[in-house]
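Protein chains in written order, with the working numbering: chain A, 2 to 231; chain B, 2 to 231; chain C, 2 to 231; chain D, 2 to 231. Just below is one structure, and these are the notes that go with it.
There are 4 protein chains.
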Amino acid sequence: MTLKSLTGASMPNQPPKRRRRKTERPAEIIASALDVFADKGFAAAKLDDIARLAGISKGTLYLYFETKEEMFRAVVSTAFAADFEKMEAFASGFEGPTTQLFPIMLSNIAALAANSKLPAIAKMVIAESRNFPDLARIWHDDIVSRVLDTLTKLIARGQKRGELVAGDARLHAFSLVGPMVMALLFREVFASTASNPPDLQALALQHSKTIIHGLQGSPTTGTASGRKKT
Amino acid sequence: MTLKSLTGASMPNQPPKRRRRKTERPAEIIASALDVFADKGFAAAKLDDIARLAGISKGTLYLYFETKEEMFRAVVSTAFAADFEKMEAFASGFEGPTTQLFPIMLSNIAALAANSKLPAIAKMVIAESRNFPDLARIWHDDIVSRVLDTLTKLIARGQKRGELVAGDARLHAFSLVGPMVMALLFREVFASTASNPPDLQALALQHSKTIIHGLQGSPTTGTASGRKKT
Amino acid sequence: MTLKSLTGASMPNQPPKRRRRKTERPAEIIASALDVFADKGFAAAKLDDIARLAGISKGTLYLYFETKEEMFRAVVSTAFAADFEKMEAFASGFEGPTTQLFPIMLSNIAALAANSKLPAIAKMVIAESRNFPDLARIWHDDIVSRVLDTLTKLIARGQKRGELVAGDARLHAFSLVGPMVMALLFREVFASTASNPPDLQALALQHSKTIIHGLQGSPTTGTASGRKKT
Amino acid sequence: MTLKSLTGASMPNQPPKRRRRKTERPAEIIASALDVFADKGFAAAKLDDIARLAGISKGTLYLYFETKEEMFRAVVSTAFAADFEKMEAFASGFEGPTTQLFPIMLSNIAALAANSKLPAIAKMVIAESRNFPDLARIWHDDIVSRVLDTLTKLIARGQKRGELVAGDARLHAFSLVGPMVMALLFREVFASTASNPPDLQALALQHSKTIIHGLQGSPTTGTASGRKKT
DNA sequence: TATGAATGAGAATTCATTCAT
DNA sequence: GATGAATGAATTCTCATTCAT
């Protein structure tokens, strides 16, 4: 009521109080919830805040979600699956030299992280993995595992082709994306603390070069497989 | 207070039963708190549980800590500063070829992560960085920044010596530890989800090799500095 | 809404589906409400359930009733007044020996209880008498008092005629219907608990015999009035 | 806070705010809860009211009872089992003529009903039997069934001895207590409505006489068994 | 010091009621 | 008339914190 008078007083043409938006509402709620959850974490997020941000009443939330947990699930599982599916499809279809994909993939991830709430959601999944095991599974299966598997296959293919050195392909995948993941979390966590957050695109470029070099082995020998790995 | 006088004054020779070591209490509480916080996160952790785990009553907690937040602060800031200080000292004193340090540092971190609650605390800091900015700062200054700075200096020294390729030394540091950080979080978050968690020591070894190779530049030219980096 | 226009506009000759008879609605609602109230009690009854059972929307309820309380009132006060009025009229017009009426009355009540929601409503009135004093009054005046008064007059007439022993006629009326009331509530309350609910018709018959005997006094003396009652 | 000042202002020596009464508290809470539940019914009873009546805070309730339901259970199952057990024991041990027991039993019930919350609890059990099936069972097994069984055995014994007429002994038991039950509920439900509530002791006496007479059969034949019952 | 009973502010959830369509 | 999305007051339950013992 105070809210109404406040917004009402300053902008007479405000949208009507009771709009019917059955179709749009869930997405709007999820968007607001994402903001609040990302900012406060699951437990510290108040439904009051989510509702206010969505411009609706607290009760309305319950027309669309059974519980706060369901909202959290919706937020986490809704997001990004599509983006990473695209990335996977692109990588799978790529036929050129394996190492060409490295900077592309890293740059994509960097771009996605910069332009979305990806790091915020990652943070939440990390935080609540114990309390929401099913979300950990979803995030693992839909996002993390998908990226790791894609890269692992890519690297294995490169090894077969003789483009890349031997070694555990999955660990190589960690070598490839790990710095990106760390940087992305660093920026998220220490945003207000660190004076010098790493530049994601610069990291994508430089690390690609480094890792390509590291994984190609000695050019003098002509083949990556010419080296002996444990 | 009555208790103290009783046990102290009137029954001098009995073994101290109630009066546990005042000095050890805080550490015991912190240890219990660490377990509970690590398991549930800050908000979901109940002081009841912490007290029970510490074998004391809830009220007693407040003899040693002002608030739940203080306990959380103590938990986070107490831990690991010493370990990483040691690591830093060791690295600073090291005079041999830079790359020799890489596997040692990574192995150390891997060992520390495996034998301590390091990943659990990292998880908590990630989760609560927004709600506890000062903890983010502490963790940043005492742990993350310290490691990154140490590595950055190390790499810069290697670059000066011509052992390592050019490039932003700090980003190189991300290249070096990022995979370790990612793996460590992966294991923590997907412990019960993933069937194939990465082996930390194996990763330390393999990634060291890769990154050493990647940072040493082209062997054909004979020197790392022979390459031009942006 | 789309449905309405579709069925209304494009298919003119179909039988009216949506547009139910305005006149019958209240009765339909009351019937549904009775079911739900009887099952859950006033507070635990949800308007959602009543609406669903009535095949209408929640909002439509409010076209016919101001509040949930009004619906409850309608349910309770609508029911059974007619039945008991009939019973009263019948008893008042009966001119034969008083005791002949006893089994008839009890059987009627038993039949009514078995074939209607009478016990359920009684239960609700009992439950909500404090919260709905006016309903208690209505139920008292329309049902309970009416039955008791009828029986009391009947018994008093029998006493005057010398057919029945002396005594407080109203208490005799309790003696007459009490077992029926108790049995009816027993069945309602312990339906799912008791393995042996009393048979209402059997009780009507047996109790009639017993009470007739008890109220006729000693047959040897020839008259009931031959005995002295306090 | 207002409460404190109110009570504090008028009576300076009021009991200290935070008293420790671990042993007494449950009984105190149950007593208060009984009052509130009896007055409002389960759903309309507010924990606030119960707490206030018990002179404690809302939170304290939860130190002793898990949920509102548990409190309700405690209230219902705590009460009266002892009283009826005594009654049962007395009846079982009685060796004199069966009919002598009738007025005693009824008077006892009347006295119990008049001096306790028995009718109020009965009302609640009736009201919530659907929502709390286990309470219905407890009340049935501990109270209702116990009384009915006792009376049924008593009557059956009387029939064997030739003191009482034949017939279904259990239905006879309904004949015996039914009027008492009805009167007790009548008083409870129509307390503020009816101008002439039945006098319980008078009913106990008069109905005893009537039913003794009714169950002894025709004095002319000399024996109860001289009559034929269906 | 230590206890644990007591507190009470706070949050999620429910649901009768309203109202734009 | 009919709908059902939206509302928000009301209520249960939680738990960090306090304090008498």
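Every residue gets a Cβ at the ideal spot worked out from N, C-alpha and C, and that includes glycine.
With D/Thr153 as the anchor, note down where its alpha helix (DSSP H) starts and where it stops.
The count along the fourth sequence starts at 1 and reaches residue 153 of chain D at position 152. Looking at the DSSP string, the run of the alpha helix (DSSP H) that includes D/Thr153 is Ser146 to Lys161.
Let me confirm a value: B/Asp49 is counted as buried when at least 16 other C-beta atoms fall within 10 Å, else exposed. Which label applies?
Stepping through the second sequence from its first residue, residue 49 of chain B is reached at position 48. Classification of B/Asp49: exposed, given that the 10 Å Cβ count is below 16.
Name, going along the chain, the residues of the region 188-209 of chain B whose beta-carbon falls closer than 9 Å to a beta-carbon of chain A.
So the list reads Glu189, Val190, Phe191, Ala192, Ser193, Thr194, Ala195, Asn197, Pro199, Asp200, Ala203, Leu204, Leu206, Gln207 and His208, given in the order they occur along the chain.
Can you grab the Cα-Cα spacing for the pair A/Asn116 / D/Gly42, in whole Å?
Within the first sequence, numbered from 1, the residue matching residue 116 of chain A stands at position 115. Within the fourth sequence, numbered from 1, the residue matching residue 42 of chain D stands at position 41. For A/Asn116 and D/Gly42, the distance between alpha carbons rounds to 57 Å.
In terms of residues, what are the limits of the alpha helix (DSSP H) holding B/Ile139?
Residue mapping note: residue 139 of chain B aligns to position 138 of the second sequence, counting from 1. Segment Pro134 to Trp140, the alpha helix (DSSP H) holding B/Ile139.
Between which two residues does the alpha helix (DSSP H) carrying A/Gly42 extend?
Locating residue 42 of chain A in the first sequence gives position 41, where the first residue counts as 1. No alpha helix (DSSP H) holds A/Gly42; DSSP gives it neither H nor E.
Can you find a CB in chain D that lies within less than 7 Å of the CB of C/Gly215?
In the third sequence, residue 215 of chain C corresponds to position 214, counting from 1. Chain D, which has a Cβ nearer than 7 Å to the Cβ of C/Gly215, makes this yes.
Once the 5 residues before and after B/Glu189 are set aside, which same chain residues still bring their CB inside 7 Å of it?
On the second sequence, position 188 is the one that residue 189 of chain B refers to. Here the set comprises Pro120, Ala121 and Lys124.
Here's the rule: buried if 16 or more other CB atoms are within 10 angstroms of the residue's CB, otherwise exposed. What is C/Phe217?
The residue given as residue 217 of chain C occupies position 216 in the third sequence. The sequence shown places Gln at residue 217 of chain C, not Phe. Buried is the call here.
Between C/Asn132 and chain D, is there a C-beta pair that is closer than 7 Å?
By 1-based counting over the third sequence, the position of residue 132 of chain C is 131. Yes, contact with chain D.
What is the DSSP secondary structure of D/Val1, reduced to helix, strand or coil?
As displayed, chain D neither begins before 2 nor continues past 231, which places residue 1 of chain D out of reach and without an answer.
Is the Cβ-Cβ distance between B/Phe73 and B/Ile144 less than 7 Å?
On the second sequence, position 72 is the one that residue 73 of chain B refers to. On the second sequence, position 143 is the one that residue 144 of chain B refers to. Not a contact, by the Cβ cut-off of 7 Å.
Hey, would you say the C-beta of B/Val182 is under 6 Å away from at least one heavy atom of the ligand NAP?
With respect to the ligand NAP, the structure offers nothing, as it holds no ligand at all.
Within 10 angstroms of its Cβ, does C/Lys47 collect 16 or more other Cβ (buried), or is it exposed?
For the purposes of this step, residue 47 of chain C is taken as the residue at position 46 of the third sequence. Counting Cβ neighbours within 10 Å, C/Lys47 comes out exposed, since fewer than 16 surround it.
If we define contact as Cβ-Cβ less than 7 Å, is B/Gly168 a contact residue for chain A?
As a first step, residue 168 of chain B must be located in the second sequence, where it is residue number 167. For B/Gly168, the answer is yes, since a Cβ of chain A falls inside 7 Å of its Cβ.
Under 7 Å between C-beta atoms, does D/Ala124 make it to chain C?
Residue numbering aside, residue 124 of chain D sits at position 123 when the fourth sequence is read from its first letter. Position check: residue 124 of chain D holds Lys in this sequence, whereas Ala was assumed. Closer than 7 Å: yes.
Of all the residues that make up the region 142-163 of chain C, which are near chain D by a beta-carbon distance shorter than 9 Å?
Those residues of the region 142-163 of chain C that come within reach of chain D (Cβ to Cβ, closer than 9 Å) are Asp142, Val145, Ser146 and Leu149.
Does the beta-carbon of D/Ile213 have 16 or more other beta-carbons within 10 angstroms, so that it is buried, or is it exposed?
Position 212 of the fourth sequence, counted from the first residue, corresponds to residue 213 of chain D. Buried.
Spell out whether any CB of chain C is found under 7 Å from the CB atom of D/Ser176.
Within the fourth sequence, residue 176 of chain D is the residue found at index 175, counting from 1. Yes - at least one Cβ of chain C is within 7 Å of the one on D/Ser176.
So, helix, strand or coil for C/Glu96, using DSSP?
Looking up residue 96 of chain C in the third sequence gives position 95. C/Glu96: coil per DSSP, three-state reduction.
Output yes if chain A places a C-beta closer than 7 Å to the C-beta of B/Lys229; else output no.
Here residue 229 of chain B is taken as the residue at index 228 of the second sequence, counted from 1. Its pLDDT being 39, under 50, B/Lys229 is placed unreliably in this model, and the coordinates cannot settle the point.
Under 8 Å, with one C-beta from each stretch per pair, do the region 62-69 of chain C and the region 102-109 of chain C reach the 3-pair mark?
Output reads no: the region 102-109 of chain C does not touch the region 62-69 of chain C.
Can a CB atom of chain A be found closer than 7 Å to the CB of B/Val77?
Locating residue 77 of chain B in the second sequence gives position 76, where the first residue counts as 1. Chain A, which has no Cβ nearer than 7 Å to the Cβ of B/Val77, makes this no.
Going along chain B in order, which residues have a C-beta closer than 7 Å to the C-beta of A/Asp40?
Within the first sequence, residue 40 of chain A is the residue found at index 39, counting from 1. Simply Arg131.
Using a beta-carbon distance below 7 Å, is C/Ile105 in contact with chain D?
By 1-based counting over the third sequence, the position of residue 105 of chain C is 104. Not closer than 7 Å to any Cβ of chain D, the Cβ of C/Ile105 fails to qualify, so no.
How close, in whole Å, do the beta carbons of D/Ala205 and D/Met181 come, if the pair is a contact with beta carbons under 8 Å?
Numbered from its first residue, the fourth sequence carries residue 205 of chain D at position 204. Numbered from its first residue, the fourth sequence carries residue 181 of chain D at position 180. Correct: roughly 7 Å between the Cβ atoms.
List in chain order: all unbroken alpha helix (DSSP H) runs of 4+ residues lying wholly within the region 46-90 of chain C.
Within the region 46-90 of chain C, the complete alpha helix (DSSP H) runs of at least 4 residues are 48-55, 59-65 and 69-79.
State the Cα-Cα distance for the pair D/Thr24 and D/Ile30, rounded to the nearest angstrom.
Locating residue 24 of chain D in the fourth sequence gives position 23, counting from the first residue. Locating residue 30 of chain D in the fourth sequence gives position 29, counting from the first residue. Roughly 11 Å separates the two Cα atoms.
Note down, in chain order, every chain B residue with its Cβ under 9 Å from the Cβ of A/Thr99.
Within the first sequence, numbered from 1, the residue matching residue 99 of chain A stands at position 98. Ordered by position in chain B, no residue passes the 9 Å Cβ test against A/Thr99, which lies about 15 Å from the chain.
Inspect the CB distances between the region 167-185 of chain D and the region 149-166 of chain C and report whether three or more fall short of 8 Å.
Contact between the region 167-185 of chain D and the region 149-166 of chain C is absent, because fewer than three Cβ pairs lie under 8 Å.
If A/Leu201 and A/Ala184 are in contact, beta carbons under 8 Å, what's the gap, nearest whole angstrom?
Here residue 201 of chain A refers to the residue found at position 200 when the first sequence is read from its first residue. Here residue 184 of chain A refers to the residue found at position 183 when the first sequence is read from its first residue. Contact holds; Cβ gap of about 6 Å.
In the DSSP assignment, the alpha helix (DSSP H) including D/Pro198 goes from what residue to what residue?
Translated into positions along the fourth sequence, residue 198 of chain D becomes position 197. Unbroken run through D/Pro198: none, as it is neither H nor E.
Around the C-beta of C/Glu71, are 16 or more other C-beta atoms found within 10 angstroms, so that it is buried, or is it exposed?
What you label residue 71 of chain C is simply residue 70 of the third sequence in a count that begins at 1. It counts as exposed.
Is C/Pro220 helix, strand or coil by DSSP?
Position 219 of the third sequence, counted from the first residue, corresponds to residue 220 of chain C. Bear in mind that the predicted position of C/Pro220 carries a pLDDT of just 46, short of 50, making it too unreliable to give a figure here.
Return the chain-ordered list of same chain residues with a C-beta closer than 6 Å to the C-beta of D/Ile139, the five sequence neighbours on each side being excluded.
Position 138 of the fourth sequence, counting from 1, holds the residue named residue 139 of chain D. Excluding sequence neighbours, D/Ile139 sits near Ser78.
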